[in-house]
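J.:
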Amino acid sequence: MDFSSSFPVRLYDFKSFLKSNVSTQKQDVINQILDQAVIYKVNTPTFLGNEINEFCGVTVSYLKKDDPYFDYYRTLNWWIDGH
Numbered sequence: 130m131d132f133s134s135s136f137p138v139r140l141y142d143f144k145s146f147l148k149s150n151v152s153t154q155k156q157d158v159i160n161q162i163l164d165q166a167v168i169y170k171v172n173t174p175t176f177l178g179n180e181i182n183e184f185c186g187v188t189v190s191y192l193k194k195d196d197p198y199f200d201y202y203r204t205l206n207w208w209i210d211g212h
């Protein structure tokens with residue numbers, strides 16, 4: 130679910146991200162929690178001209194350590210609180 134190739138930070142549908150990065154067993158547990166936590170979700174068919182194929186109601190960003198925004202994100206309170 131990248132908004133576009135020129136969007137400065139890559140964004141992903143959380144369940145889609147899990148499929149590529151977490152074991153199936155852990156996905157099942159997290160999916161059950163997500164289904165309880167996200168009680169209402171709706172999306173448009175497209176966003177900024179990109180088709181939305183997967184939408185669980187939670188979008189996440191993932192920055193690699195060599196990403197130019199990585200050091201900035203580490204200064205944000207939500208990052209500090211979560212690590």
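This note's numbering runs 129 ahead of the 1-based position in the sequence shown.
Ideal placement from N, C-alpha and C gives every residue a C-beta, glycine not left out.
1) Could you tell me whether the Cβ atoms of Gly152 and Glu183 are closer together than 7 Å?
2) Counting only runs of 3+ residues fully inside the segment 142-209, write out the beta strand (DSSP E) ranges in chain order.
3) Between the alpha carbons of Asp157 and Asp142, how many angstroms are there, rounded?
4) Can you grab the Cα-Cα spacing for the pair Phe106 / Asn206, in whole Å?
T.: Once the coordinates are examined:
1) Before going on, a small fix: residue 152 reads as Ser here, not Gly. Not in contact: Ser152 and Glu183 (Cβ atoms no closer than 7 Å).
2) If only complete runs of 3 or more residues are kept, the segment 142-209 shows the beta strand (DSSP E) at 188-190, in order along the chain.
3) So the two alpha carbons sit approximately 16 Å from each other.
4) The requested residue 106 is not part of the displayed model; the chain covers only 130 to 212.
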